[in-house]
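J.: Have a look at the structure that comes next, please.
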Amino acid sequence: MATPTAAAPRTNRLGLAVVEYKGGKTTLCAGCGHNAISERILDAYFELGIAPEQVAKFSGIGCSSKTPAYFMSRSHSFNTVHGRMPSVATGALMANRTLHGLGVSGDGDTASIGIGQFINLLRRNVAMVYVVENNGVYGLTKGQFSATADLGSTLKSGAVADLPAIDVCALAIQLGASFVGRSFSGDKKQLSALLKAAVAHGGTALLDVISPCVTFNDHEGSTKSYAWLKEHDLPVQELSFVPSFEEIAIDYDPGTTREVTLHDGSRLRLKKLEADYDPSDRARAMARLMASESGGDVLTGLLFLDPRAPDLNARLGLVEAPLATLPEARVRPSRAVLDAINASLR
Amino acid sequence: MATPTAAAPRTNRLGLAVVEYKGGKTTLCAGCGHNAISERILDAYFELGIAPEQVAKFSGIGCSSKTPAYFMSRSHSFNTVHGRMPSVATGALMANRTLHGLGVSGDGDTASIGIGQFINLLRRNVAMVYVVENNGVYGLTKGQFSATADLGSTLKSGAVADLPAIDVCALAIQLGASFVGRSFSGDKKQLSALLKAAVAHGGTALLDVISPCVTFNDHEGSTKSYAWLKEHDLPVQELSFVPSFEEIAIDYDPGTTREVTLHDGSRLRLKKLEADYDPSDRARAMARLMASESGGDVLTGLLFLDPRAPDLNARLGLVEAPLATLPEARVRPSRAVLDAINASLR
Amino acid sequence: MTTAELEATRRVAPRARAVTNDFSIQVATVNGSGSQSANTVLLRTLFQMGIPVSGKNLFPSNIAGLPTWYTIRVSRHGWVARQRDVDVLVAMNGETARDDVAGLRPGAVVVYDAPLELESLRSDLAFYPVPFDDLVAPVSADARLRKLLRNMVYVGVLAGLLGLEVAEVEAALGRVFGAKPKALALNLRAIQAGLAHAAGVEKRDPYRVERMDATRGKIIIDGNAAAALGALFAGVTVVTWYPITPSTSVVESLHGYLEEHRRTADGQATFAVLQAEDELAAIGMVIGAGWAGARAMTATSGPGVSLMAEFAGLGYFAEVPAVIVNVQRVGPSTGLPTRTSQGDLLSTAFLSHGDTQQLLLFPGSVEECFTMTGQAFDLAERFQTPVFVLSDLDLGMNNWMADPLPYPETPLDRGKVLGKADLERLGGFARYKDVDGDGIGWRTLPGTDHPKAAYFTRGTGHDEQAGYSERSDVYQKNMARLRRKFEGARAALPPPVVTGAGARIGLLAHGSSDPAVREALAQLHAEAGLPADYLRVRAWPFAAAVRDFVAAHDRVYVVEQDRDAQLLSLLTLDLDPSLVGRLRSVAHLTGMPLDARSVTEEVLAQEGR
Amino acid sequence: MTTAELEATRRVAPRARAVTNDFSIQVATVNGSGSQSANTVLLRTLFQMGIPVSGKNLFPSNIAGLPTWYTIRVSRHGWVARQRDVDVLVAMNGETARDDVAGLRPGAVVVYDAPLELESLRSDLAFYPVPFDDLVAPVSADARLRKLLRNMVYVGVLAGLLGLEVAEVEAALGRVFGAKPKALALNLRAIQAGLAHAAGVEKRDPYRVERMDATRGKIIIDGNAAAALGALFAGVTVVTWYPITPSTSVVESLHGYLEEHRRTADGQATFAVLQAEDELAAIGMVIGAGWAGARAMTATSGPGVSLMAEFAGLGYFAEVPAVIVNVQRVGPSTGLPTRTSQGDLLSTAFLSHGDTQQLLLFPGSVEECFTMTGQAFDLAERFQTPVFVLSDLDLGMNNWMADPLPYPETPLDRGKVLGKADLERLGGFARYKDVDGDGIGWRTLPGTDHPKAAYFTRGTGHDEQAGYSERSDVYQKNMARLRRKFEGARAALPPPVVTGAGARIGLLAHGSSDPAVREALAQLHAEAGLPADYLRVRAWPFAAAVRDFVAAHDRVYVVEQDRDAQLLSLLTLDLDPSLVGRLRSVAHLTGMPLDARSVTEEVLAQEGR
Ligand SMILES: Cc1ncc(C[n+]2csc(CCOP(=O)(O)OP(=O)(O)O)c2C)c(N)n1
Ligand SMILES: Cc1ncc(C[n+]2csc(CCOP(=O)(O)OP(=O)(O)O)c2C)c(N)n1
Ligand code: SF4
Ligand code: SF4
Ligand SMILES: [Mg+2]
Ligand SMILES: [Mg+2]
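Chains as they are written, first to last, in our numbering: chain Z, 178 to 523; chain P, 178 to 523; chain Y, 1333 to 1941; chain S, 1333 to 1941.
Put into structure tokens, the structure is as follows:
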């Protein structure tokens, strides 16, 4: 393990070098958006100085869901079944509330087979980061449309998407989600800031990251291609993240910039690019998103935030210590308790 | 079968008396809102003069899902499994596009276990009426909260709902549904008009009908009780339905009243009670609904309508005749076709 | 069967004129009419009089207004299985009264609502008309209340006719309404009205009760509450569920116990109970929690188990502890949700595609609902796999007499888990390596503070280090280990219970068939002079003792409550082919709890007697 | 086994110096590198030369960049099973080259990319280094193209070394690139470069090909396309699905065929193909469509089947026709998605809780993927129940030689359906009444214009009129009828295929094990003088002939591709106990298609030879 010396590589506040956050070699296609997201994710945890052992990774099934094997090998990871990862993550994070939960899913895994569990994860506000690596297709099964494919977009085969797309962000905001952001695998700066903010959030932090599938959905006619995003990516803010452990306080123009304090005390600075976009107003955010859909623009940035919504474990009123490792004395009532119960049944 | 004579009971345009639309004896609790809805449903089909044989009833599992046994015994009916009725209805209505599809479900059946299939039914815009008999609890399993239980509402046991409720209407509008209405089992006039309009619609017509569970959720503290609805029911319009086969044209004040023409040529007349509510504006309808949620008001009436959205069978480009009964000659290609295929594989 | 039981049976063989403490009472009513508390008072009164009792509720799958039958068996011999014939009928439901009466055997008693005029139906029964409405009229002016109180009137009438001790009736009533003095007084008056009426009628039947001392120290509980207590004392920490009859009360009562006994001084919870959106989510949460190290469980019934099939396979292959209590009901599909069955054995044993095998436990009493649900957590963590506890509606929802639930004497077995210190000592580990020769690898929990603690859990092919692998040799080695692990479970699961030895024939059963089979053994012996040994299997895969039992008998009658002889099927797959021919099927699926008489008749028929 | 086959085997017994038309070629490369068209050209060339061939693709569960092996077997005897040993290796993948070479048997050939320098690895092989980069350099300046063209170079090299007829190579190339003249020309030049290189090397191995006349009139097709055609010619009208390897191409090819052959002149569709949101929805739609009278199907694999468990029980109990094609892959759980298995028998036979039983069909060839998928619709409608067609990855995704697909000679069997006229004649009907004594009731379709046409379909207990019932007698009668219906299917399902008679031992197998077993029979006879008869079972529940076959042999070796001997298990449950002892298990689960040699060795070992 690297210790910070003049010669040693750059280390974070834990004294860990970035290599300690690396994973196995990717088996995804060269150029796949998912690979870029993996890089951003491990950078975020590295820079936040979170010990990999404190992170638990969850995924479903798909190319996107394979990626947890390609970053942070020092974190436990659970590659579950298709579309049902949210329930597994919910169970694990109830069992050990001290873990930093990270879910990585795909648009098919989340919005097609998984839409039911996804909705319930958001409603419960399970404290975790939930990244949808959104390419509009089923990559691993060779390119069929998923539920996020935009109406009218086409496959290489010429097939045309004929159903209204599910916008997981609009859906999440409508359902009462507490943190909703969207980004693009190609936007290093924005994605990094959003990822860190998501980690700093105290509930379910949904990040819908457009992540082009170079093999099956990066062609003309796709609305999830690199080309399309270059054209239509419309950030609503310019974001910068200030971690809780950094004390810098640069002053900024409150007219154009706004700062939100996150659950863990970190701050996210939003320099408005779209003047009247307000990520704290659910109804207006909804309306704006629904408008953009028709336009074909891809609104990115912090779309909605309620830093105070209680998370699942708070609602359950759990003890601080992980349920998983409570000693027998705390989980098995005494002989006297059973005697009393038996007596009451006589 | 009753034929219209002076003595005979009132008959519809098919010459059928209302008894021909009756079902078996209900086994639900006396006073259950579901029973009232059953009455409205059979009245609607009777008055529209639709032959019961042309109607196919679908339901999931629950007290509400039992009701198809209690009306229109002359219609085929499929009481399926819990939460998965939409898929069964979708299959049946692809197989026979000439059927009038009617789905009856509960809030648990639709919004809890069934939310995934419900969402996909709406996206596909399967041509059918879909009634959610919404009492906020699981009646048949003795009164646990469902996903439509309002935040803060209580059970008799004192348990408090601690998750944001799913408003199936807001959800449907956000997802692009083509017909969304809400009513109350106790509002005979409004529910009848909405049911008829739903039958006249050419896609999925969602009706969220608040239907109190007198046994488990009609107490103080419930937001799905008769008392609560009497207090908070807020109709956005006064509705009257004019069937396609009636030629009456009463004139009305376009300032306060508006008429929409439905898929089958019938008309629904909306006398505005809430001045600027516009059921053709998706984003504004959304915003208004999300506002009402916080207020505790129950917005009822025709909440959204797009009479022109293509339904599933239109998108599939199906032949007019039911697929189910196409003759062999139309579904088994000729020997020559197979010869050609074999040749191509040599 | 104990010799005491045997004698007991012999003594009654020639049916005495007065039938004391040996008959069944059936109350026919409609659900939602409030008869439940009346029936509880009856049951508890008998119990308090020291007389062995059991109560079975036959209710419809709706909420109110349909026919319901509550049967109380009084048995001085201690038999608690359903008795096929009813001796004393209380006919409160006009809808079913005629059928109910038609089904009685000659000499039976009918207490009924006078206006039903049942006396004309048969001449071979003792009819006692009761003018319920007249009797309750003075008790209360409130019609709604009177409807409820009518039930207490039949308690009074029966008390009078059968000779229940009034003091015990009042004590029982006190337990039911203790908290509500007003209700208590009203109901007492209704009972007294019944007693008064009974005092005026001439007794024309042999049935009576008499104080015994056979219930001292015993408790009355239903299997679902017992299972909940089993989980409570096994230190369950995560409970997820989706309501479904007849399993709902497992979690509802468990939740109550947890709220009462598992909160810290400052009110924090050492447990999580979460109502999921469906069974796929419920089992997913259990798998996630078990993976993270919690003792996690869910409770469900047939349709829920079917929905859990995919996750059950993940649990098996990724080797994650999970406890699933399946309170079986009659299938297929939605089936008869309020009837009992043992029909999920095969589908659960092979739940999920592709060479998946699951561990099954078969509680045969409410005590075992308690102990086995507790053990299930130890086994799930020891074997790192899902464990299914197959209870059923009869066990789970009916009231049973039982010995006090025993406090677990062994500490929790948390299985093979490596902590930080272990890893420092070992320098690392391989998740799926069979280091101990039992096929069970060591696992670590997420959050373990050691750079070598992490591993990657997946449902895809993996090597000993949990790395992804499609290699044929790696896959085969892993699958062979999983089978070794499964085979190893045979010796660790609850062993069969064998009674008797040396008889030429044997009876073999599982779960809630036990009381009926034990009574059938007594009947076979006492009535047909046919001694039989008995093995009750308590888990799958089967212990070696099962093989020995079959080998030791010419014919083994496999008694079970399903259509397809699923227990016999699992035995057929497990036994040496040379023994399969000895198995005979006694499979019943009526939806009613199994009764001894049907078993006895079937065995005698197949024995050619 | 035909005597011709026998002689064939004998003739080669003493391995001749020149090995003609009897060897296997394996191309080791990475997926996504474009080797597929090169391999197709090789396969087709051999086929066009009249030589029996089969091709098997061993690919990873990802999209690009991982090791892939394509194996072509050339067999003048017509054997098409996988050959365990590779004779000619084309090593294009540096990552696996060393292992690939290590696995060869002495005397094998290695054609490889010169820079890999494999020649030093072993001295007992014939090494042919090929400077692929130098050879493609002149063909194209585009690096991306050159990467693809390298593959055609090995086609040329092999053509030269093995003696493929260049004209046929060009013809094959034409079929692949016919549409694209530019690509055609480029690829041809690459092949010529390979040929030119081969011309310059001295041949140091015995393997060669020679024109035969054994493929005249035959076709090449994969089982999934054949299944799709089976559905097309069975008049399928509703197809729902959710993508999953290895079943995806069933629906994708079916969709293509439907678009081409099932639109009216004005472009309207006589079919509906719908991609569902998951497998629960896919099977739900099939059940709904089947209920409404459509011929409806879905295709999936293990994980999907597990998700269908609840609906499968509804289909069984409510008696709704449905066709489910399960292209099996290696489980448990996600398992090895791109490997073949027969591991879903038990879980599918008992798919869903509570005494549910399902009908299973076992296609053993691409022809049967066609015929049985077609029959499945007739059977599903005749028996009003789900029918599962258990194909597998080997059958479904590999290229097989086959006789031309036979046009169905019998009209569609739409089962027992009453129309308006029938109802007018009968005045009504009872949906679940066994009027014909076969356990199958008559049904009506929604929309039937008669006041008595309707009935209420449900997964809850029901009587003959389809009315809700919780009555024990009604339930038992209905369940007994369902079992009668199931028993009746034995005689209606595809009967077993028996070859040989009078031998003391038998082999019994199903599905894609057939080619390997037939070859093993020849090996046992020719090499060990051990004659064996063979029964291939084609459906469950089993036909009476299965019993007879077992009864006629001392020992029956049950060959299957799974871990848990699931076919043997189903036989054990079905056979008279006295016969069970004759069964011997030959269960293999390697993920590789079964090979004859492994079967032969295993049988000989158990025979003590
Ligand atoms: C139950 C089940 N059904 C189907 C599949 C096959 N499958 C694997 S990945 C996948 C879709 C993945 O799409 P997405 O989530 O968008 O991930 P991507 O590959 O596009 O990153 C499907 C359908 C499966 N593994 N399990
Ligand atoms: C797979 C499955 N899980 C659980 C159940 C048990 N169950 C029956 S009805 C029901 C809830 C019904 O609630 P709702 O849809 O709101 O109908 P209501 O009774 O309130 O009208 C449940 C959980 C079931 N039948 N199937
Ligand atoms: S197929 Fe698409 S999604 Fe999958 S790895 Fe390749 S580029 Fe990425
Ligand atoms: S329980 Fe509630 S929902 Fe069910 S029938 Fe009774 S009142 Fe209606
Ligand atoms: Mg995708
Ligand atoms: Mg409800």
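Every residue, glycine too, gets a C-beta built ideally from N, C-alpha and C. Remember, predicted model here, so these are calculated numbers, not experimental data.
Counting contacts by CB-CB distance shorter than 8 Å, is G260/P in contact with chain B?
T.: Protein chains Z, P, Y and S are contained in the structure displayed, whereas chain B is not.
J.: Hey, would you say V1849/Y sits closer than 8 Å to V1890/Y, going by beta carbons?
T.: In this structure, V1890/Y does not lie closer than 8 Å to V1849/Y by Cβ.
J.: Take F1464/S and list the residues in its own chain whose beta-carbon comes closer than 7 Å to its own, dropping the five residues that flank it on each side.
T.: Closer than 7 Å at Cβ, skipping near neighbours: D1445, R1482, V1485.
J.: With DSSP collapsed to three states, give me the class of A1689/S.
T.: Correcting the residue identity first, residue 1689/S is Gln in this sequence and not Ala. Reduced to three states, the DSSP call for Q1689/S is coil.
J.: R1405/S bridges to which residues according to DSSP?
T.: Looking at the DSSP assignment, R1405/S forms a beta bridge with S1356/S, S1386/S.
J.: Could you pull the start and end residues of the beta strand (DSSP E) that A1753/S belongs to?
T.: Looking at the DSSP string, A1753/S is not in any beta strand (DSSP E); the run it does join, the alpha helix (DSSP H), is 1752-1758.
J.: Counting only the same chain and skipping the five closest in sequence on each side, list residues whose C-beta sits under 8 Å from that of P1331/Y.
T.: It is not possible to answer for residue 1331/Y, since the shown part of chain Y is limited to 1333 through 1941.
J.: For the stretch 1699-1716 of chain Y and the stretch 1662-1678 of chain Y, state whether three or more C-beta atom pairs, one from each stretch, are separated by less than 8 Å.
T.: Result no; under three Cβ-Cβ pairs closer than 8 Å.
J.: So what does F1573/Y bridge to, in DSSP terms?
T.: Sequence inspection shows Trp at residue 1573/Y; the Phe mentioned does not correspond to that position. Note: W1573/Y sits in a beta bridge opposite Q1607/Y.
J.: Taking V1912/Y and L1840/Y to be in contact with their CB atoms under 8 Å, please state how far apart those CB atoms are, rounded to whole angstroms.
T.: About 13 Å; that fails the 8 Å criterion.
J.: Look up E553/Z in the DSSP assignment and say whether it is helix, strand or coil.
T.: The structure shown does not extend to residue 553/Z, since chain Z is modelled only from 178 to 523, so the question has no answer here.
J.: Spatial neighbours of G1366/Y within its chain, please: C-beta separation below 8 Å, excluding the five flanking residues on both sides.
T.: Excluding positions up to five away in sequence, the list reads K1479, L1480, N1483.
J.: Just checking: is the beta-carbon of Y454/Z within a distance shorter than 8 Å of some beta-carbon in chain S?
T.: By this cut-off, Y454/Z is not an interface position.
J.: At which residues does the alpha helix (DSSP H) containing K333/Z begin and terminate?
T.: No alpha helix (DSSP H) contains K333/Z, which DSSP labels as neither H nor E.
J.: Quick check: is the beta carbon of A520/Z nearer than 8 Å to any beta carbon in chain S?
T.: It does not; no Cβ of chain S falls within 8 Å.
J.: Please go through the same chain and pick out, in chain order, the residues whose beta-carbon is closer than 6 Å to the beta-carbon of G1773/S, but skip the five residues on each side of it.
T.: Excluding positions up to five away in sequence, the list reads R1763, Y1764, K1765.
J.: Alpha carbon to alpha carbon, how far is V357/P from A382/P? Give it in angstroms, no decimals.
T.: If you take the alpha carbons of A382/P and V357/P, they lie about 6 Å apart.
J.: Quick test of the definition: if touching needs 3 or more C-beta pairs under 8 Å, does the stretch 308-317 of chain Z touch the stretch 1650-1665 of chain Y?
T.: No, because fewer than three Cβ pairs between the stretch 308-317 of chain Z and the stretch 1650-1665 of chain Y fall closer than 8 Å, the two stretches do not touch.
J.: For a contact meaning CB atoms closer than 7 Å, what does W1623/Y contact in chain Z?
T.: The answer, in chain order, is F255, A269.
J.: Classify A1345/S: buried if its beta carbon has 16 or more other beta carbons within 10 angstroms, exposed otherwise.
T.: Legend: pLDDT at A1345/S = 34, less than 50; position of this residue unreliable, value from coordinates given subsequently. By the 10 Å Cβ count, A1345/S comes out exposed.
J.: Which residue marks the beginning of the beta strand (DSSP E) containing F422/Z, and which one marks its end?
T.: Where F422/Z is concerned, there is no enclosing beta strand (DSSP E), given that its DSSP letter is neither H nor E.
J.: Residues in the same chain with beta-carbon distance under 6 Å from G320/P, minus the five sequence neighbours each way, listed in chain order, please.
T.: Answer for G320/P: V314, F393, listed in chain order.
J.: Within the present structure, is the beta-carbon of P1575/S separated from the nearest heavy atom of ligand 1 by less than 7 Å?
T.: At least one heavy atom of ligand 1 is nearer than 7 Å to the Cβ of P1575/S, so yes.
J.: I need the straight-line Cα distance from E1497/S to S521/P, nearest angstrom please.
T.: Using only the alpha carbons, I get a separation of about 22 Å.
J.: Count the other CB atoms within 10 Å of the CB of G208/Z; is the residue buried (16 or more) or exposed (fewer)?
T.: It is exposed - the Cβ of G208/Z has fewer than 16 other Cβ atoms within 10 Å.
J.: Once DSSP output is grouped into helix, strand and coil, what is the label at R1536/Y?
T.: Coil at R1536/Y, not helix or strand.
J.: Within this structure, are the beta carbons of A349/P and S323/P separated by less than 8 Å?
T.: Contact flag unset, no.
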